[in-house]
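What follows is a short report on a single structure.
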Amino acid sequence: MTPAVTRDAGALASVAAHTAGVGVRTVDDVAGIRAVADFLADVWQLPHTNPPYPSEVLHSLVHAGGAVHAAYATGPRGERLAGAAVAVFGPPADRDAYSFVAAATASDRGVGFALKQAQRAWALERGARTMRWTFDPLVRRNARFNLVKLGAVGAEYLVDLYGPMNDGVNDGDESDRLTAVWDLNATGTTDGTADEAARAHATEVRRAPDGGPLAVREDRRLWCRIPEDSVELRATDPALGLRWRHAVREVFTDAYAEGLRATSMSRDGWYLLTPDPREEPRS
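Counting from 1, position 88 in the sequence shown corresponds to residue 97 in my numbering; the numbering is continuous, with no gaps.
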């Protein structure tokens, strides 16, 4: 890792935090980590007595060499937590970091990006080349953030990774996940609009639970549509939400078996799956 790349990553993280109007720093004290555990419990709609990441687990991850990043916004009443992220560094030979969780309040635009840039700078300083994490493939905003804003690739599709989940966000659904792999040396983002014109002329190959097109294809490019708001759908019509889950799962498992990978997400909710760009020959 060149010093210039690490230095630039730190500068980008600072700019992202300033733009979002927050200060981002690592926390390792009892009170700070407890506040992060409570914040994550609120995001996942769980009681503070049963957070998704208990404070003792967060302490252990920090003790093992990981980092808990917290984003703080300053207001009339002082600082408040606006977001948090947790990552660990894998074996040096792998040069890979794993982000366990990253969350921000919906009203704080840009906080999630600031947290990921802080994680990137932290990981680069420790020799990492990539960072991985999982996300729900049916949540449009997360897919667009990960694949377009950050430029990650959906490297693998995992069926019901965690089994049944009983938090207030995922309860009653199956926990399929996409693994995002982020090249920490890459700069910039994708435009998210590439190949959209071609999509209009592609051949429909599957129908969605709402009766519209689910997947269309043109040669080695495949597009797959997901519902507009899967979280709301899961809450109002769990049966329909599960039908969407299974329908998208069939498209993705077939496509991934063929060697295609999720590389982009359009504003109107269409994944683009193409041959894995990480395996393209380099000149």
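Cβ atoms here follow ideal geometry from the backbone N, Cα and C, with glycine treated the same way.
- Distance from the CA of glutamate 165 to the CA of methionine 174, rounded to the nearest whole angstrom, comes to 21 Å.
- Approximately 14 Å separates the beta-carbon atoms of serine 184 and tryptophan 142; this is outside 8 Å, ruling out the contact.
- Sequence-distant Cβ neighbours of valine 36 in its own chain, meaning closer than 7 Å and more than five residues away, are Ile42, Val45, Val77, Ala79.
- Between the alpha carbons of valine 157 and serine 273 lies a gap of roughly 6 Å.
- Inclusion of leucine 21 and arginine 104 in the CB contact set at 9 Å is not warranted, their separation being larger than that value.
- Along the segment 72–135, the alpha helix (DSSP H) occurs as fully enclosed runs of 4 or more residues at 120–134, listed in sequence order.
- Leucine 133 has its alpha-carbon roughly 6 Å from the corresponding atom of threonine 15.
- DSSP places phenylalanine 261 outside any beta strand (DSSP E); the residue lies instead in the alpha helix (DSSP H), whose first and last residues are 247–267.
- Apart from the 5 residues on each side of it in sequence, alanine 91 sits with its Cβ closer than 7 Å to the Cβ of Val31, Ala80, Tyr81, Ala82, Ala113, Thr114, Asp117, Val120 in its chain, given in chain order.
- Under the three-state reduction of DSSP, valine 36 is assigned to coil, being neither helix nor strand.
- Residue environment analysis places alanine 18 among the buried positions, since at least 16 neighbouring C-beta atoms fall within 10 angstroms of its C-beta.
- In this structure glutamine 54 is exposed. Its beta-carbon is surrounded by fewer than 16 other beta-carbon atoms within 10 angstroms.
- In the structure shown, the three-state DSSP call for leucine 193 is coil.
- Under the 10 Å beta carbon count, alanine 248 is surrounded by fewer than 16 other beta carbons and is classified as exposed.
- Looking only at Glu213, Ala127, Ala189, the smallest Cα-Cα distance to phenylalanine 154 is reached by Ala189.
- About 6 Å separates the CB atoms of leucine 124 and valine 33; that is less than 8 Å, so the two are in contact.
- A contact between stretches requires three or more CB pairs, one per stretch, nearer than 8 Å, and the segment 239–248 fails this requirement with the segment 262–278.
- Annotation for arginine 216: Pro222, Leu223 place their beta carbon closer than 8 Å to its own, counting only its chain and skipping 5 residues before and after.
- Comparing alpha-carbon positions, the option among Ser23, Ala195, Arg138 lying closest to phenylalanine 122 turns out to be Ser23.
- Here tryptophan 253 really is in contact with leucine 147; their C-beta atoms are around 7 Å apart, less than 8 Å.
- The alpha-carbon separation between alanine 93 and alanine 127 amounts to approximately 11 Å.
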